[in-house]
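Engineer: The structure that follows is given in the form of structure tokens.
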Amino acid sequence: MKAGDAAGLPRTRRTALVLLAALFGAALFAVLLRGTALDWFLAGLPAAVLAMACLPKLWAAAGGLSVERVLEPGGKEGELSVRLIFHGRWMPPLLLVQVREQLENLAAAERKPLVLTRWLLPWLSKEWTAHYRVSGLGRGVYQFAPATVVVTDPLGLACGMLKLAAPGSFTVLPQPEETGVFRALSMSEKKASEPGGFAGEGGGKSAGRGGAGPLNRIYREGDSLRRIDWRLAAKGRGLHTRLDEHGASPVMLVLLDLDQRSYRETGADGQLDACAGLAARALMDAGANGCTVRLQAGAEAEVKVAPGDSRAARTAALLLARAVPAPGAGAAESLERLLLGKQLTVGSRIVILTAGWDIKLWEQLADLSRAARCGLELHVPIRSTLPLQARQEREQWAKKSGVSLAWFSLDASRRQGWKGRLSIREEDGHGWQAWS
Numbered sequence: 001m002k003a004g005d006a007a008g009l010p011r012t013r014r015t016a017l018v019l020l021a022a023l024f025g026a027a028l029f030a031v032l033l034r035g036t037a038l039d040w041f042l043a044g045l046p047a048a049v050l051a052m053a054c055l056p057k058l059w060a061a062a063g064g065l066s067v068e069r070v071l072e073p074g075g076k077e078g079e080l081s082v083r084l085i086f087h088g089r090w091m092p093p094l095l096l097v098q099v100r101e102q103l104e105n106l107a108a109a110e111r112k113p114l115v116l117t118r119w120l121l122p123w124l125s126k127e128w129t130a131h132y133r134v135s136g137l138g139r140g141v142y143q144f145a146p147a148t149v150v151v152t153d154p155l156g157l158a159c160g161m162l163k164l165a166a167p168g169s170f171t172v173l174p175q176p177e178e179t180g181v182f183r184a185l186s187m188s189e190k191k192a193s194e195p196g197g198f199a200g201e202g203g204g205k206s207a208g209r210g211g212a213g214p215l216n217r218i219y220r221e222g223d224s225l226r227r228i229d230w231r232l233a234a235k236g237r238g239l240h241t242r243l244d245e246h247g248a249s250p251v252m253l254v255l256l257d258l259d260q261r262s263y264r265e266t267g268a269d270g271q272l273d274a275c276a277g278l279a280a281r282a283l284m285d286a287g288a289n290g291c292t293v294r295l296q297a298g299a300e301a302e303v304k305v306a307p308g309d310s311r312a313a314r315t316a317a318l319l320l321a322r323a324v325p326a327p328g329a330g331a332a333e334s335l336e337r338l339l340l341g342k343q344l345t346v347g348s349r350i351v352i353l354t355a356g357w358d359i360k361l362w363e364q365l366a367d368l369s370r371a372a373r374c375g376l377e378l379h380v381p382i383r384s385t386l387p388l389q390a391r392q393e394r395e396q397w398a399k400k401s402g403v404s405l406a407w408f409s410l411d412a413s414r415r416q417g418w419k420g421r422l423s424i425r426e427e428d429g430h431g432w433q434a435w436s
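Next comes the structure, spelled out in structure tokens:
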């Protein structure tokens with residue numbers, strides 16, 4: 001056990017035990033010398049206390065205690081019911097039992113576990129239950145550490161500790177942000193899937209269908225002459241490039257920035273959850289508009305979601321739930337890898353969700369998008385206390401660079417860490433004490 005994990009655990013009072021042993025020795029010596037009733041009483045009292053102090057260690061060693069963990073979803077989003085069922089070989093005789101739980105979010109930006117403790121008095125049963133409910137769980141992958149059980153005597157002189165394996169883990173999927181936060185995206189989703197225009201260029205409309213099947217867009221320098229729709233050109237509609245099922249059709253790329261430098265501030269978990277929620281909303285809106293989306297969340301984590309593909313949508317949701325900041329998982333690195341690997345189709349739409357505030361990062365993303373001849377949208381969760389001047393400077397930069405910039409304001413409750421948003425309630429009316 002690490003030093004930090006020992007906070008709040010009972011410990012053996014060695015000094016008190018030494019004093020009791022000395023008192024018992026003196027009383028026993030008096031019994032041997034005089035043997036009066038008072039001497040016997042003074043010897044029996046510390047002997048009884050010392051015998052009681054031996055019970056925790058003996059019961060911990062021979063009690064045969066085991067635990068079973070039962071996880072059940074609650075009635076609300078982000079709510080979980082946890083039941084710990086303890087089985088013992090014998091009833092704990094006059095002992096106090098402390099149950100210590102440790103829950104960790106493996107996908108959080110702030111990797112600090114939540115520790116819960118509860119005192120129980122299971123004197124009359126070989127089996128007892130600790131039942132509590134956790135609400136306010138955000139996106140992430142949660143895992144329970146082995147349960148720590150400490151038994152001690154009523155005077156708190158000695159204790160015995162057990163670590164009981166009780167595997168338990170669960171995943172909370174990100175909740176899409178409310179309708180309206182992606183209004184600009186949802187209104188233009190179908191246009192975005194057509195390569196009609198991107199940051200820094202004109203010609204933002206598609207020519208629609210030019211025949212029996214293939215999609216068309218305005219011709220751009222560098223397009224293959226073999227893909228020019230000469231039928232439309234003969235009708236006097238200008239040059240258009242065909243995009244049929246045999247060609248690479250533009251799609252919408254949703255990229256979740258997982259650069260560790262973007263999530264260093266207090267409340268980074270709320271920002272990361274907001275970015276994941278915005279990505280989930282983008283996937284939902286794109287599916288409703290019949291558009292294909294490529295989701296990139298991490299160095300090697302990618303999934304393509306077609307309209308109506310529920311399995312791919314589920315995979316994307318799990319990918320967002322497991323997303324965690326890591327080296328090399330930033331938006332700029334991911335976009336550069338896609339560009340070097342020639343995996344970006346000209347005219348695609350790039351939507352980046354980032355908590356990064358560095359203007360140099362944004363300029364790098366804009367340069368990469370222009371190099372790929374794709375449109376760029378930045379969606380940034382911000383604090384309500386952000387200076388207005390800083391926002392205006394970045395809005396002016398976005399307008400000048402041809403980048404679509406959208407803010408998403410986070411209230412005070414969402415700027416807390418994942419532990420600060422939790423609420424713990426004991427089912428039998430008693431509370432669990434939590435350490436940060």
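Counted the way UniProt numbering counts, the sequence shown spans residues 1 to 436.
Virtual Cβ for every residue (Gly too), placed ideally from N, Cα, C.
#1: Spatial neighbours of Leu-278 within its chain, please: C-beta separation below 6 Å, excluding the five flanking residues on both sides.
#2: From Gly-330 to Thr-315, what distance separates their C-alpha atoms?
#3: Locate the beta strand (DSSP E) running through Pro-73, then write down its first and last residues.
#4: Does the contact criterion of 3 or more C-beta pairs under 8 Å hold for the stretch 371-390 versus the stretch 83-95?
#5: Since Arg-100 is in the beta strand (DSSP E), which residue starts that stretch and which ends it?
#6: What's the C-alpha gap between Gly-168 and Thr-15?
#7: Starting from residue 440 and walking both ways along the beta strand (DSSP E), at which residues does that stretch end?
#8: Straight-line CA distance for Lys-76 to Leu-137?
#9: Which residue comes first and which comes last in the beta strand (DSSP E) that contains Glu-302?
#10: Report all residues from its chain with a CB closer than 6 Å to the CB of Gln-271; omit the five preceding and five following residues, and keep chain order.
#11: Using DSSP with H/G/I as helix, E/B as strand and the rest coil, what is Ala-207?
#12: Going along the chain, which unbroken runs of the alpha helix (DSSP H) with 4 or more residues stay wholly within the stretch 309-380?
#13: So, for Ala-62: in the same chain, excluding its five sequence neighbours on each side, which residues have a beta-carbon less than 7 Å away from its beta-carbon?
#14: The beta strand (DSSP E) with Cys-54 in it runs from where to where?
#15: In or out: Gly-308 buried (at least 16 other Cβ within 10 Å) or exposed?
#16: Expressed to the nearest angstrom, what Euclidean distance is found between the alpha-carbon atoms of Lys-57 and Phe-29?
#17: Can you give me the start and stop residues for the beta strand (DSSP E) that Met-91 sits inside?
#18: Inspect the CB distances between the stretch 123-131 and the stretch 79-89 and report whether three or more fall short of 8 Å.
#19: Starting from Trp-128 and walking both ways along the beta strand (DSSP E), at which residues does that stretch end?
Structural biologist: Taking the structure as given:
#1: Here the question's residue 278 lines up with position 278 in the sequence shown. The answer, listed in chain order, is Glu-177, Leu-353, His-379.
#2: Indexing the sequence shown from 1 puts residue 330 at position 330. Indexing the sequence shown from 1 puts residue 315 at position 315. For Gly-330 and Thr-315, the distance between alpha carbons rounds to 21 Å.
#3: For this step, residue 73 is matched to residue 73 along the sequence shown. For Pro-73, the uninterrupted beta strand (DSSP E) run begins and ends at 66-73, by DSSP.
#4: no
#5: Position 100 of the sequence shown, counting from 1, holds the residue named residue 100. In the DSSP assignment, Arg-100 falls within the unbroken beta strand (DSSP E) covering 96-105.
#6: One-based indexing of the sequence shown puts residue 168 at position 168. One-based indexing of the sequence shown puts residue 15 at position 15. For Gly-168 and Thr-15, the distance between alpha carbons rounds to 39 Å.
#7: Residue 440 cannot be examined here, being either before or after the span of the chain that is shown, 1 to 436.
#8: Here residue 76 corresponds to residue number 76 of the sequence shown, with the count starting at 1. Here residue 137 corresponds to residue number 137 of the sequence shown, with the count starting at 1. Their Cα atoms are separated by approximately 10 Å.
#9: Position 302 of the sequence shown, counting from 1, holds the residue named residue 302. Note, Glu-302: beta strand (DSSP E), 302-305.
#10: Reading the sequence shown from its first residue, position 271 is the one you call residue 271. In chain order, Ala-355, Pro-381 place their CB closer than 6 Å to the CB of Gln-271, counting only its own chain and leaving out the 5 sequence neighbours on each side.
#11: Position 207 of the sequence shown, counted from the first residue, corresponds to residue 207. Reliability of the predicted coordinates at Ala-207 is poor, the pLDDT of 31 falling under 50, and the value obtained from them is presented with this limitation in mind. Coil, per DSSP.
#12: Within the stretch 309-380, the complete alpha helix (DSSP H) runs of at least 4 residues fall at 310-322, 331-340, 359-371.
#13: Taking the sequence shown and counting its residues from 1, the one referred to as residue 62 is at position 62. Cβ neighbours of Ala-62 beyond the five flanking positions: none.
#14: Within the sequence shown, residue 54 is the residue found at index 54, counting from 1. Premise fails: Cys-54 lies in the alpha helix (DSSP H), 37-62, not in any beta strand (DSSP E).
#15: Translated into positions along the sequence shown, residue 308 becomes position 308. In the assembly as shown, Gly-308 is an exposed residue. Its beta-carbon has fewer than 16 other beta-carbons within 10 Å.
#16: Reading the sequence shown from its first residue, position 57 is the one you call residue 57. Reading the sequence shown from its first residue, position 29 is the one you call residue 29. Cα-Cα distance, rounded: 28 Å.
#17: Numbered from 1 along the sequence shown, position 91 holds the residue referred to as residue 91. No beta strand (DSSP E) holds Met-91; DSSP gives it neither H nor E.
#18: yes
#19: To locate residue 128, count along the sequence shown from 1; it is residue 128. First-last of the beta strand (DSSP E) with Trp-128: 127-135.
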